[in-house]
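Residues -1 to 281 (my numbering) are what the sequence shown spells out, left to right. Note that the Cβ used here is the ideal one computed from N, Cα and C, for glycine as well. Below is one structure, written out as structure tokens, with a few remarks after it.
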Amino acid sequence: MNTNIEQSKKIILERWNGETPKLAVTLGSGLGDLVNSLENATVINYKELPGFPVPSVQGHGGEMHIGTLHDMPVIFLKGRVHLYEGYDRAENLKVMIRTLKAIGVETLFLTNAAGSFNPEIGPGSLVMINDHINFTGTSPLVGLNDDEWGPRFPSMDNCWNSDLQTMLQDAASGINYDLKKGVYLGCLGPAFETHAEIKMMRMLGADLVGMSTVSENIVARHCGMECVGVSSVTNLAAGMSDEVLSHDGTLYWAEKNAENLASLIKAFVKRYATEGGIKKAAA
Ligand code: HPA
């Protein structure tokens, strides 16, 4: 096993004495307060975990919080990195996700901020990701394959697990939240898209656009973890409104959406706890 992963695993297991969490949730912009809902939490700064990403973007922290929620152990990953931050980021991402796998995490709940292509699903909406288009022009799996973790040519079938989607829809219904669903198109960034690019992406069948998540999903699927994801819509895509897109605008709406998203995540955790995790048949 990669020494960074081995060491990170050792540090996490030394610091967390409870039952191993099966679920990890990435908390994007605005969601940081969710960590306060954990009981008996252990906080580990990414800087203490060899090979873990240290985020550079404002609004994206860098801490692992392990604790219990609805009597179930869960990991909250506060802050994360994006490929546009540099070439070593794919490596950091692999260390982070494979360390989760190594300690026994089975499900990764990914959240992100996204632009929407549907005027009826504007800022303030939450959308469950039911499939994605990797438009980053690269893959975190480029390079020699690490056979220990997964195959050279992993299947992307069911990359957003259908049972987990049902669980999330049920969780949303349970809190009377009208959760939409859509296809997320992941770009490299960091520039927002041109109007012509947005026209093209709509034709390609995407509903949402963002600069994260597809890489995390690919690494997780490669090593056999199941994924579920939600986009927090912070804007209509470039050219679809008068707004000039900015990171401040993204943060503004991410904060506003955070309360609903936090409620949805908590409702999902409750269901996941009640159902005892993901059905083995689907894994
Ligand atoms: N494009 C890309 N990334 C984003 C957007 C967008 O419109 N909104 C939030 N993240």
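Distance check for residue j and residue i, CA to CA, integer angstroms please.
i      : j       : result
Lys268 : Val33   : 15 Å
Tyr250 : Asp145  : 42 Å
Thr1   : Glu214  : 20 Å
Gly102 : Gly120  : 37 Å
Ser6   : Thr97   : 7 Å
Leu177 : Trp14   : 34 Å
Ser191 : Ala236  : The question names Ser, yet the displayed sequence has Glu at residue 191. Going by the C-alpha atoms only, they are around 6 Å apart.
Pro48  : Ala22   : 19 Å
Leu11  : Met238  : 48 Å
Asp168 : Ile196  : 32 Å
Ile3   : His245  : 32 Å
Pro117 : Glu253  : 20 Å
Gly84  : Pro188  : 11 Å
Lys8   : Phe266  : 29 Å
Met126 : Asn156  : 14 Å
Pro152 : Val231  : 30 Å
His193 : Leu81   : 22 Å
Lys45  : Glu241  : 37 Å
Glu273 : Met165  : 9 Å
Ile42  : Leu183  : 31 Å
Met94  : Leu106  : 12 Å
Thr136 : Phe50   : 20 Å
Gly122 : Ala111  : 11 Å
Leu243 : Met(-1) : 42 Å
Please name the residue or residues paired with residue i in a DSSP beta bridge.
i      : result
Ala169 : Note: Ala169 sits in no beta bridge, so no partner.
Phe50  : Looking at the DSSP assignment, Phe50 forms no beta bridge with any residue, so it has no partner.
Cys225 : Leu106
Thr24  : Leu75
Asn43  : Glu61
Asn132 : Gly184
Gly113 : Val207, Asn233
Glu241 : Answer is none; Glu241 lacks a bridge partner.
Met126 : Lys179, Val228
Glu37  : Thr66
Among the residues of its own chain, which have a CB less than 8 Å from the CB of residue i, if the five just before and after it don't count?
i      : result
Val140 : Ala88
His220 : Leu139, Trp147, Gly148, Pro149, Pro152
Glu104 : Lys20, Leu21, Met223, Glu224, Gly275, Ile276, Ala281
Met198 : none
Ile173 : Ser261, Leu262, Ala265
For residue i, which residues from the same chain have a beta carbon less than 6 Å from its beta carbon, with the 5 sequence-adjacent residues on both sides left out?
i      : result
Ala256 : Gly28, Leu29
Pro71  : Gly16, Glu17, Pro19
Ala260 : Leu32
Gly60  : Tyr44, Val52, Pro53, Gly77
Locate the beta strand (DSSP E) running through residue i, then write down its first and last residues.
i      : result
Ala189 : No beta strand (DSSP E) contains Ala189, which DSSP labels as neither H nor E.
Leu11  : It is not in any beta strand (DSSP E) - Leu11 instead sits in the alpha helix (DSSP H) that spans 1 to 13.
Val282 : No answer is possible for residue 282: the residues shown for the chain start at -1 and end at 281.
Leaving out five residues on either side along the sequence, give the residues of the same chain with a beta carbon under 7 Å from the beta carbon of residue i.
i      : result
Lys92  : Pro138, Val217
Leu302 : The chain is shown from -1 up to 281; residue 302 falls before or after that span and cannot be answered.
Phe74  : Val23, Leu25, Leu32, Val33, Leu36, His63
Gly247 : Thr232, Asn233, Glu241
Lys99  : Cys221, Met223
Could you tell me the boundaries of the alpha helix (DSSP H) in which residue i lies?
i      : result
Asp246 : 245 to 273
His357 : This structure leaves residue 357 out entirely; the chain is present only between -1 and 281.
Thr361 : Residue 361 lies beyond the residue range present for the chain, which begins at -1 and ends at 281; the question has no answer from this structure.
Ile196 : 193 to 201
Asn215 : 212 to 220
Is the closest heavy atom of the ligand FMN to the C-beta of residue i under 7 Å?
i      : result
Met209 : By its list of ligands, the structure shown excludes the ligand FMN, since it contains just the ligand HPA.
Exercise. Decide yes or no for the touch test of the region 125 to 133 against the region 195 to 206: beta carbon pairs closer than 8 Å, at least 3 of them.
Key: In short, these stretches touch, since the Cβ pair count reaches three.
Quiz item: Should the region 61 to 68 be called in touch with the region 36 to 43, which here means at least 3 C-beta pairs below 8 Å?
Solution: Result yes; three or more Cβ-Cβ pairs closer than 8 Å.
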